[in-house]
Amino acid sequence: MKIKNFLEIDKDITLIALSYLLNKSKNYLLLNDQIDLNDEITNKLNAIIKKVKNGYPLQYALGRWNFYGLDFITDERALIPRPETELLVEKIIKADIKKEKILDIGTGTGAIAISLAFNLKESLVSGIDISESAIELANENKEKFSLDNVDFFVSDLFSNVFDKYNVLVSNPPYINKKDYQNLDKALFYEPKNALYGGDDGLFFYKKIIGQAKNYLKEDGCLFLEIGYDQRNAIEKLLEENSYANINSYKDYNGFDRIVFAQVKEDIC
Ligand code: GLN
2 MKIKNFLEID KDITLIALSY LLNKSKNYLL LNDQIDLNDE ITNKLNAIIK KVKNGYPLQY
62 ALGRWNFYGL DFITDERALI PRPETELLVE KIIKADIKKE KILDIGTGTG AIAISLAFNL
122 KESLVSGIDI SESAIELANE NKEKFSLDNV DFFVSDLFSN VFDKYNVLVS NPPYINKKDY
182 QNLDKALFYE PKNALYGGDD GLFFYKKIIG QAKNYLKEDG CLFLEIGYDQ RNAIEKLLEE
242 NSYANINSYK DYNGFDRIVF AQVKEDIC
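Residue numbers in the sequence shown follow our numbering, run continuously in steps of one, and reach 269 at the last position.
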């Protein structure tokens, strides 16, 4: 079949899927829509379109997704990496702080830990997750990029962590009970334990913020991704736990998305 025929079936899915399958830009595909696709690509694209039209996430159907310029293996073992989370990575990369040792809590695909390790070659990054299959996937992604400054291990929050870090980062499950019940159907294919943050969505923040100082160096910093309506509650938790220099940042849609805090003022 020609690209044109697929564009007529579903333009959006076709453009994204073919940009991955053929490694071409969307513009190229639109300008060259008379190209005949071989049987292999035709069959793959047909299968992807069918799955996505049935509500299956495109990122899982493709099995790959780009995050911070890197192509990650993406499947049902872990949450799909989101563009908002790229901001969390960017903030850490650009921050004027010590970054020798970084811990990513609830690493999932490993997208945060790997993109930090890829861009901060002097840092040692560890990623932990309660899910063994997520750690398996994160290791497959590590292999893809041949990195030797990142490692992954299973840990229920800090249960297997015995070190101290300059930076703790986490995008924990943060969706509350009410929002989880109203979620888009496509999100039900993602692991519930990567999305659901208890009745108030704050379960993991309470745990992480309550324990983080035991795993942070004296000059350590904490970077958290948060839900759109959680900023006040999380800043309050940080204040109650005597963190310094608490700051929040909005995402590209104008929602509060990232919270930063230091163990002690100004020595980061
Ligand atoms: N950003 C995701 C969503 O709203 C949630 C990710 C998370 O719970 N950490 O779909």
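From the three backbone atoms N, C-alpha and C, an ideal C-beta is built for every residue, glycine too.
Original post:
Quick one: complete beta strand (DSSP E) runs, 3+ long, within the region 152-178?
Top reply: 166-171
Original post:
Regarding Pro174 and the ligand GLN, is the C-beta to nearest heavy atom distance less than 6 Å?
Top reply: As a working note, residue 174 is residue 173 in the sequence shown. For the ligand GLN, at least one heavy atom lies less than 6 Å from the Cβ of Pro174.
Subject >> Beta-ladder partner(s) of Phe146, from DSSP >> reply: Position 145 of the sequence shown, counted from the start, is the residue given in the question as residue 146. Phe146 pairs with nothing; no bridge assigned.
**OP:** May I have a chain-ordered list of the beta strand (DSSP E) segments no shorter than 3 residues that lie completely inside the region 189-262?
**Re:** 217-226 and 245-251
**OP:** Assign Ile14 to buried or exposed, taking buried as 16 or more other Cβ atoms, counted over all protein chains shown, within 10 Å of its Cβ.
**Re:** The sequence position of residue 14 within the sequence shown is 13, counting from 1. Under this definition Ile14 is a buried residue.
Original post:
Among residues of its own chain, excluding the 5 on either side of Leu196, which ones have a beta-carbon nearer than 6 Å to its beta-carbon?
Top reply: Indexing the sequence shown from 1 puts residue 196 at position 195. Closer than 6 Å at the Cβ level, and outside the excluded window around Leu196, lie Pro174 and Ile176.
Subject >> Minimum C-alpha distance to Tyr190 - residue among Gly109, Glu77 and Leu23 >> reply: Mapped onto the sequence shown, residue 190 falls at position 189. Looking at the Cα atoms, Glu77 is the closest of the given residues.
Subject >> Limits of the alpha helix (DSSP H) - the one that Val53 falls within >> reply: Within the sequence shown, the letter at position 52 stands for residue 53. Residues Asp40 to Lys54.
Subject >> Inter-residue spacing [alpha-carbon to alpha-carbon] between Glu237 and Tyr61 >> reply: Residue numbering aside, residue 237 sits at position 236 when the sequence shown is read from its first letter. Residue numbering aside, residue 61 sits at position 60 when the sequence shown is read from its first letter. One point to set straight first is that residue 237 is Lys, not Glu, in the sequence displayed. Each residue's Cα considered, the two are about 36 Å apart.
**OP:** Please go through the same chain and pick out, in chain order, the residues whose beta-carbon is closer than 7 Å to the beta-carbon of Ala118, but skip the five residues on each side of it.
**Re:** The residue you call residue 118 lines up with position 117 of the sequence shown. Only Ser124, Val126, Leu148, Asn150 and Val151 meet the Cβ criterion.
**OP:** Tell me, to the nearest whole angstrom, how far the beta carbon of Asn254 is from that of Lys218; I am working on the premise that it is less than 8 Å.
**Re:** The sequence position of residue 254 within the sequence shown is 253, counting from 1. The sequence position of residue 218 within the sequence shown is 217, counting from 1. About 34 Å; that fails the 8 Å criterion.
Subject >> Those runs of the alpha helix (DSSP H) which lie wholly inside the region 57-137 and span at least 4 residues >> reply: 59-63, 84-95 and 112-120
Original post:
Can you tell me the Cα-Cα spacing of Ile210 and Thr75, whole angstroms?
Top reply: Taking the sequence shown and counting its residues from 1, one reaches residue 210 at position 209. Taking the sequence shown and counting its residues from 1, one reaches residue 75 at position 74. In a straight line, the C-alpha of Ile210 is about 29 Å away from that of Thr75.
Original post:
Does any heavy atom of the ligand GLN sit closer than 6 Å to the C-beta of Leu303?
Top reply: Given a span of 2 to 269 for the chain in the structure shown, any question on residue 303 remains unanswerable.
**OP:** With hydrogens ignored, establish whether the beta-carbon of Arg83 is closer than 6 Å to any heavy atom of the ligand GLN.
**Re:** The residue you call residue 83 lines up with position 82 of the sequence shown. Within the cutoff, so yes.
Original post:
Quick one, are the C-beta atoms of Glu226 and Leu89 less than 7 Å apart?
Top reply: Position 225 of the sequence shown holds residue 226. Position 88 of the sequence shown holds residue 89. Yes, the Cβ-Cβ distance between Glu226 and Leu89 is below 7 Å.
Original post:
Per DSSP, what kind of secondary structure is Asp185 in: helix, strand or coil?
Top reply: By 1-based counting over the sequence shown, the position of residue 185 is 184. Coil at Asp185, not helix or strand.
**OP:** Less than 8 Å between the CB atoms is what I'm expecting for Asn67 and Thr110, so what's the real figure, rounded?
**Re:** For the purposes of this step, residue 67 is taken as the residue at position 66 of the sequence shown. For the purposes of this step, residue 110 is taken as the residue at position 109 of the sequence shown. With a Cβ gap of about 12 Å, Asn67 and Thr110 do not count as contacting.
**OP:** Taking 7 Å as the cut-off, decide whether the C-beta atoms of Leu158 and Lys122 are in contact.
**Re:** Counted from its first residue, the sequence shown places residue 158 at position 157. Counted from its first residue, the sequence shown places residue 122 at position 121. Their beta carbons are not under 7 Å apart, which means Leu158 does not touch Lys122 by this criterion.
**OP:** Could you check if Ala262 is buried or exposed, using at least 16 other CB atoms within 10 Å of its CB as the buried criterion?
**Re:** Start at 1 with the first residue of the sequence shown, and residue 262 comes out as number 261. Under this definition Ala262 is a buried residue.
**OP:** Tell me whether Lys5 sits in a helix, a strand or coil according to DSSP, three-state version.
**Re:** On the sequence shown, position 4 is the one that residue 5 refers to. Here Lys5 sits in helix by DSSP.
Subject >> Endpoints, alpha helix (DSSP H) assigned at Asn28 >> reply: Here residue 28 refers to the residue found at position 27 of the sequence shown. Segment Lys27 to Leu32, the alpha helix (DSSP H) holding Asn28.
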